[in-house]
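Report on the following structure.
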Amino acid sequence: MAITDLTTPLVEEEDVVNGSVDYKGDPVHRSSSGGWRSASFIIVVEMAERCAYYGIYSNLITYLTGPLGQSTATAAENVNIWSGISFLLPLLGAFVADSFLGRYRTVIFASLIYILGLSLLTLSALLTSLDVSAQWLVSLFFFSLYLVAIGQGGHKPCVQTFGADQFDGQHPKESIAKSSFFNWWNFCLSVGAVSSQLILVYIQDNVNWALGFGIPGMLMVAALFVFLLGRRTYRYSNRRNEKYPFMRVLRSASDAQATSSSKATQPRSSVQLKDKESSHRALLEQNGSIEDQKVCNEVEDAKASLLRLAPIWFSSLAVSITIPQSLTFFTKQGATMNRTIFPGFHIPAASLLSFVSASVLFLVPIYDIIFIPMLRSLTGKSTGITMLQRIGTGMFISAISMGIAALVEIKRLQTAREYGLVDHPDVTIPMSVLWLVPQYVLGGVENVFAIIGLQEFFYEEVPKELRSVGISLFYTSLGVGSISSSLLVSIIDRATRYDDNQESWFSNNLNKAHLDYFYLVLGGLSILGFTSHLYFARSYIYRHQRCDNI
């Protein structure tokens, strides 16, 4: 027999990607599937989706305080609640994907809901622009808005996880590419966000809202088309032997808790015997076959997913609470300032968000191409720094950002007093809007470290079959943070408005408000979150380390 006859089967076996199948359900080959080729389709889809999403989110507070006539505090609360629910719904989307439909089908159904919501949103804006005044139009607007949130809830956890699934974490080269994937994913998302914040916001402010909401709908139609184009190249998770993994892990956690509770009432010898029996059963599936030795047993997986991640999740809320400010109060501040960038051009206040995305565009290549290789040579780690170190750095930057925001607001209020504009909120304050740029840029730096770090952390630190749920845990952090921000605004608004003659920190007349105090409160919360993160990160053991020790 020729040597080639002996080696060919080995080469073919190495080319097969374990745990994945092609669109026909057959074993998938590394050379003809996945990798950056497949991920490129998915990244383009997410760029279009982010452009559509930020086309709504970036300027939402302006629409609420403008055409819908809401107060600043009420509009900020509505934006934060909608944003919070939008980020909480991915948990439901991940459950549906991991337990029933799979990620690919969930993305398709979610995209259709997304498109329907954007279409109805466009209709409500069109009728409002035609001076059709009716309460049902407001109801239609919010119904459409939350339909968009439902669509995003199915889209977000599945698209990003499906993109990361195109890289085999057990393969040396592809595991490095997977780590870079999260960086370049956010880089391309920022391209979509910048495009939206510069172009769509300008259309909404200077042309009309209906067109500004209609373009995102067209983008989502195009995104769905591109996603379907890549169907033949994708790697799909082989879940034939993993029916309802989400429920399986929850059941394991429940069984573990019941076992733990029963130990207190049993003799020590009995407990030891049952523990020994349980450890043997944990290594076996229902059909009696031994599980992959690299995979932790179900009880340990449940603990890792539900218990070990909890402290990091809670500490990350401090960052999540600060993020909505750039889409609410930062925008309202910018609207009061001199927005002339050059003669004849006034930048829309919501377009200032582009500085966040632009800083991400600038920093991600530097981080991935220069910073990480440099740290890799110093630390010997393939990622340069650990995921928790990256997250902690972002938390510290978040605190600095809030401190600078407070100082800039103090300067803005002082300028309003110097020029006698305290009682003239509609008059532009002679202070350049570029004073706000540092806090926006630091928001981008915070994204590069904390946000991308949290995405990678929650993806890697859950069982493989629950990675959609892992990504959704990241989004629930953003969601709870956004809702917490809304509650904080509501509580402070009521607490600081003693009577009808007392202006609250969030007065409609920002020249009489005290956003500087609010930013200092958020800065204090950021420091508290950073401190708690340091405490919990010191004792955290990563999933791959726990599995290696079993």
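Residue numbers (the working numbering): -3 to 546.
Don't be surprised by glycine CBs; every beta carbon is placed ideally from N, CA and C.
Values in this document were obtained by computation on a predicted structure and should not be read as measured data.
Can you list, in chain order, the residues of its chain whose CB lies under 7 Å from that of residue i, leaving out five sequence neighbours each side?
i           : result
residue 479 : 76, 77, 80
residue 67  : 504
residue 363 : 179, 444
residue 143 : 109, 112, 113, 116
residue 193 : 50, 54, 346, 347, 349, 350, 353
residue 227 : 19
residue 530 : 388
Would residue i and residue j qualify as a contact pair, given that the criterion is a beta-carbon distance under 8 Å?
i           : j           : result
residue 391 : residue 526 : yes
residue 512 : residue 406 : yes
residue 348 : residue 325 : no
residue 146 : residue 109 : yes
residue 322 : residue 416 : no
residue 464 : residue 23  : no
residue 225 : residue 91  : no
residue 335 : residue 190 : no
residue 39  : residue 213 : no
residue 94  : residue 452 : no
residue 320 : residue 481 : yes
residue 305 : residue 470 : no
residue 156 : residue 181 : yes
residue 631 : residue 359 : Residue 631 is absent from the model: the chain starts at -3 and stops at 546.
residue 357 : residue 183 : yes
Have a look at the DSSP bridge pairing and note the partners of residue i.
i           : result
residue 23  : 17
residue 334 : 428
residue 12  : 25
residue 233 : 16
Closer than 8 Å by C-beta to residue i: which residues in its own chain qualify, once you throw out the five before and the five after it? Chain order, please.
i           : result
residue 199 : 207, 208, 211
residue 436 : 322, 326, 348, 349, 351, 352, 355
Using three-state DSSP, classify residue i as helix, strand or coil.
i           : result
residue 278 : Because residue 278 carries a pLDDT of 37, less than 50, the predicted location of this residue cannot be relied on, and no value is offered for it.
residue 503 : coil
residue 341 : strand
residue 536 : coil
residue 82  : helix
residue 51  : helix
residue 451 : helix
residue 433 : helix
residue 487 : helix
residue 98  : coil
residue 493 : coil
residue 352 : helix
residue 152 : helix
residue 421 : coil
residue 201 : helix
Please decide whether residue i counts as near chain C, where near means a Cβ-Cβ distance under 8 Å.
i          : result
residue 46 : The structure shown contains no chain C; it is built from a single protein chain.
Using the rule of at least 16 other Cβ atoms within 10 Å of the residue's Cβ for burial, across every protein chain shown, is residue i buried or exposed?
i           : result
residue 131 : exposed
residue 13  : buried
residue 457 : buried
residue 487 : exposed
residue 510 : buried
residue 27  : exposed
residue 303 : exposed
residue 539 : buried
residue 271 : Its pLDDT being 47, under 50, residue 271 is placed unreliably in this model, and the value from its coordinates should be taken loosely. By the neighbour-count rule (16 or more Cβ atoms within 10 Å), residue 271 is not buried but exposed.
CB-CB under 6 Å to residue i, same chain, minus the five flanking residues each way: which ones, in chain order?
i           : result
residue 316 : 473, 474, 477
residue 309 : 473
residue 72  : 324, 485
residue 337 : 343
residue 17  : 24, 232, 234
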